[in-house]
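Which chain is which? The protein sequence lines are A and B, in order. First residue of the first sequence: 841, per my numbering; consecutive thereafter. First residue of the second sequence: 209, per my numbering; consecutive thereafter. Ideal Cβ placement from N, Cα and C applies to all residues, glycine included. One structure is given below, encoded as structure tokens.
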Amino acid sequence: MSIETQFEQRLSSKPSKSRGLHGRRTRETIQAYLFLAPALIVLFVFGILPVGYALYMSLHRWRIQRGDFIGLNNYIDLVGSPLNLALIVVGIGLLIGSYYVWRGAAEQTSGWKTGLRIAFAVMLMIGGLTLVLGVDGMINAAEETRRTEDFMLSILRTVFYSIGTMPLQIALSFLLANLLFQGIEGKSFFRMLFFLPYITPTVATAAVWNTVFEPRRGLINTILTWTGIAEANLPNWIFEPAGITTLLAQWFNVNLPDWVVSSPVFSGPSLAMVAVCIYNVWVFTGYNTVIYLAGLGAIPAELYDAAKIDGAGRWSILRHITIPLVSPTTYFLSMMGIIGTFKAINHIYIMTQMVGLGGPQDTTTTAAIFVFKQFREGNRWGVSTAAAFLLLGIILLLTWIQNRVAEGKVHYA
Amino acid sequence: MPETTASKRSFRIHPVRILMYTLLVLGALVCIFPFIWMFLTSFKTYGEHSTRVFWPRALTIAPYTDLPESYELELELSPTSTDAWGGAPSSQLPLMEGQFELCQVAAPVQDQMDRSGVELPVTVLILIADTNSEVDGYDTFYYTVESRVIQQGTTRALLGQRWKAPYYLSAPDMQRWGPQLIVTDNDPEHFTLRVTWQPVTMFLFNYLDGWTESDFGKYMWNSVRLTVIQVVGVVLFSTMASYALARMNFPGRNVVFTLFLATLMLPEVVTLIPNFYIVIQLNRFFENTFGIQNAWLNNWTALTIPFMASTFSIFLLRQFFAQIPNELYDAALIDGCGHTRFLVQIVIPLSKAPLMSVVIFNGIWSWNSFLWPLIVTTRDTWRPITVGLSKFIEEAGSRIHLMMAGAAIAIIPILILYFFTQKQFTEGITTTGLKG
């Protein structure tokens, strides 16, 4: 039999089978699901089932073993009274409303109308934030139940954590990436060094930073002593529960009114939280730089050439070409940065190992740490999963808001 | 454009360029100074760290030059005097004692002695007690200098093993430099000691100390095993899954794809607790039906299998597989080759680069994973290095030099891997994988 006839037979044999095309499709479907089976089983057992199970757990009183069905009580315990919850929902509504007003302001042509709208948007935003953070409600509720205050405060701390890390990370990495992009000698060497903090084990690097922040013999305080910036009152870093507003006021010998010192919002994140933020910035700046570099590389060179021909300076190139064209990267990184702060556990666990998880005085207990503490130390699995669900809700909401904000602002090249 | 290339080639020293390099070097320094601090501290002694010495003595040449010669020494033992401890309090009563003159010490000890005004030779007193009367010979020995410094050990158990030198004079970190005493013969008739100075011990003291204090060898081996198992699982599962998603037509493909997509957003905290519960239930189920003890808890199964459906890897590979031209598959089909053979013989050899990315990324994530192993391991059998290190950090407490040696032990394998695969790494993350 010649090759040609074999070939022809093969070609003709398949469609001429009794099952025909339909049979082949069934076979392919079966084969595809066989291929997918291992991954799908794992995904189902450890990815999808747990979410449903977490929901089930969160509706029960569950301390290691399942207890009574208590409906939404865990959630109510966490958020405070239903009134508190309602206030928060209204607050979020106001925030979303302020965004739309703000966006409307940009479309207005006349000056005073824009001003008015911006003012209105800012008012709505402040109102929304006040309600969401529940400044008053939180303090009052603190007297009613201890747990309530803890969770709402942990969200507030997470917000501090996000504000303390994300903008700085983005700004620094944007700067570094732009520097690296200028045809620098040894670019890949620098890139390799910048990336180092991200790939080394968090447990180990957090332990190293712990000793860097150590108040008595740590590197930072040693440098502070050597340079003479601070000699007598060395900062306690991870051991310091006081808020930075209070500490700065002490530094400059300013007397703060009581309501600032006692307010969880205005006294700011604790110095311990600042230390955690510094660690976070250290880890992710290099990572962000590498991603930014890829983003910068994707900008077509013709744009720069054209701008140069038109006589654009360095600054206007940066302002009108680079920043708008890397905005998808910026968007991606800021989203990852914020969501990352809502997920962060490992380094806070290690960094606060000496002062107790989430310490000192719970000031580094972010939302994720709160969930973990309820689970590990409190053994309140029901409460813990409920808090985790609220956290998931917040993350999804943030993603949604960021998606909306990004619409029209992000330029996809 | 000839002009632009020409201007790029000519390296003029421009103030802006100098500023740029300064900023970059500064950034690089900030990135690596914790590592430098870690390595320096890991070579320090306790005293050096507490007195804020920047450069450890162990990283200079001085301690290793002019080391005294090692020698063997037979001690004349005699019944102990009434004041065997030379005034030092102890609950143990030694049976025999012997002494020898130490005429030479290593340079750091010499310095310490100069500072405290002690002169050579120093009389070293060896006190020997019998902790178990049934056994012939002597079981415990103490090592004292100037009645102040005492180290104790069991001669029998440690026969031939290396001894840490005693707490010499006052500083506790003098252990490191002093002579190592090895009991080569513990027969009461001819009790023999070997007095040695070992540069390797002096140099790597903290590492050896940490390694023996915590079971780092076992943790390291566990981490290696877990990483290999997980990476193999991920590569196998995600290659198959992504091939099906990219190149096969079947009903429900979009649904499956969306399912995978949905789990990308899911934070670990949400699934942590129910997953722990599921693992407990699975463990119980395996024990009751198959009679396998600890099938899931404290075992590799719980530590690796939940991460084998790596959504990131599936996306990465699917993207690549989809780009393979259809003509290749059609040609293979005509040659009578099915999906399985096409995948094994054509697709996999073609996608070495993305597979390499999958291997590297999953390897690093597996090595660095902490929270989940912390929860599901209660015993050392499969405990990875990250969890072992966190326990060690807790125990090391204020002994920061030891803590840093432990951290270095956990970091070094990653550093080595990174320096060899660095290019694939940064390129992998920029071109394919973006994950926070």
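When the cut-off is 9 Å and only beta carbons count, does A/Met992 lie next to chain B?
no
What residues from chain B crowd round A/Glu806, counting only those whose CB sits closer than 8 Å?
Only positions 841 to 1253 of chain A appear in the structure, and residue 806 of chain A is not among them; the question remains open.
Complete runs of the alpha helix (DSSP H) confined to the stretch 1040 to 1097 of chain A [at least 4 residues]
1042 to 1052, 1059 to 1067 and 1084 to 1091
Inter-stretch contact (C-beta, 8 Å, three-pair minimum) for the stretch 472 to 487 of chain B and the stretch 1221 to 1238 of chain A:
yes
Cα-Cα separation, B/Ile226 to A/Leu1015
15 Å
Between the C-alpha atoms of B/Asn506 and A/Lys1213, what's the straight-line distance to the nearest angstrom?
22 Å
When the Cα of A/Ile1178 is compared with those of A/Ile1024, A/Trp1240 and A/Tyr939, which residue comes out closest?
A/Trp1240
Report the rounded CA-to-CA distance for B/Asn414 versus B/Ala616, giving the unit in angstroms.
11 Å
Using DSSP bridges, identify the partner residues of A/Trp902.
A/Arg906
Given 8 Å, three or more beta-carbon pairs between the stretch 554 to 570 of chain B and the stretch 523 to 536 of chain B
yes
From the DSSP output, in three-state form, read off A/Met965 for me.
helix
By the 10 Å Cβ neighbour count, where 16 or more other Cβ atoms means buried, how is A/Gly1117 classified, buried or exposed?
Reading off the sequence shown, one finds Cys at residue 1117 of chain A, where the question assumed Gly. Result: buried.
Quick one, are the C-beta atoms of B/Leu434 and B/Ser598 less than 9 Å apart?
no
Hey, A/Gly1233 and A/Asn914: beta-carbon distance below 9 Å or not?
no
Rounded straight-line distance, which links the Cα of A/Leu1158 to that of A/Thr988
Its pLDDT being 49, under 50, A/Thr988 is placed unreliably in this model, and the value from its coordinates should be taken loosely. Cα-Cα distance, rounded: 47 Å.
B/Asp543, DSSP secondary structure in three states
coil
Considering only C-alpha positions, which residue in the set B/Arg461, B/Pro514, B/Gly499 and B/Thr466 is nearest to B/Gln438?
B/Pro514
Can you pull the chain B residues whose beta carbon is under 8 Å from the beta carbon of A/Tyr893, in chain order?
Pro482, Tyr485 and Ile486
Alpha carbon to alpha carbon, what distance is there between B/Asn483 and B/Ile583?
10 Å
Selected residue, minimal CA-CA separation from B/Leu232, among A/Gln1090, A/Gly1026, A/Glu1247 and A/Met1175
A/Gly1026
Closest by CA to A/Thr812, which one among B/Thr259, B/Asp538 and B/Asp319?
Nothing in the structure corresponds to residue 812 of chain A, since chain A is present only between 841 and 1253.
Kindly list the residues whose CB is nearer than 6 Å to the CB of B/Ala510, restricted to its own chain and excluding five residues on each side of it in sequence; keep chain order.
Val487, Trp504 and Val584
Are the CB atoms of A/Glu1080 and A/Ser1102 within a distance shorter than 9 Å?
no
Exposed or buried, which one is B/Lys631 when buried takes at least 16 other CB atoms within 10 Å?
exposed
How is A/Gln1022 classed by DSSP in three states: helix, strand or coil?
coil
In three-state terms, what does DSSP make of B/Leu283?
strand
According to DSSP, is B/Met304 part of a helix, a strand, or is it coil?
strand
Please list the terminal residues of the continuous beta strand (DSSP E) segment that includes B/Gln312.
No beta strand (DSSP E) contains B/Gln312, which DSSP labels as neither H nor E.
From A/Pro1041 to A/Asn1120, what distance separates their C-alpha atoms?
13 Å
B/Trp429 versus B/Thr512 - alpha carbon distance:
15 Å
State the DSSP-derived secondary structure class of B/Ala337, mapped to helix, strand or coil.
strand
I want to verify the contact list: residues of chain A whose CB lies under 9 Å from the CB of B/Arg265, in sequence order.
Per Cβ cutoff of 9 Å: no residues; B/Arg265 is ~17 Å from chain A at best.
Residues from the stretch 560 to 571 of chain B in contact with chain A, defined by Cβ distance under 8 Å:
none
Nearest chain A C-beta to B/Tyr626 closer than 9 Å, yes or no?
yes
Does A/Phe909 have its Cβ less than 9 Å from a Cβ in chain B?
no
For A/Ser1224, go through chain B and note every residue whose CB falls closer than 8 Å to its CB, in chain order.
Ile481
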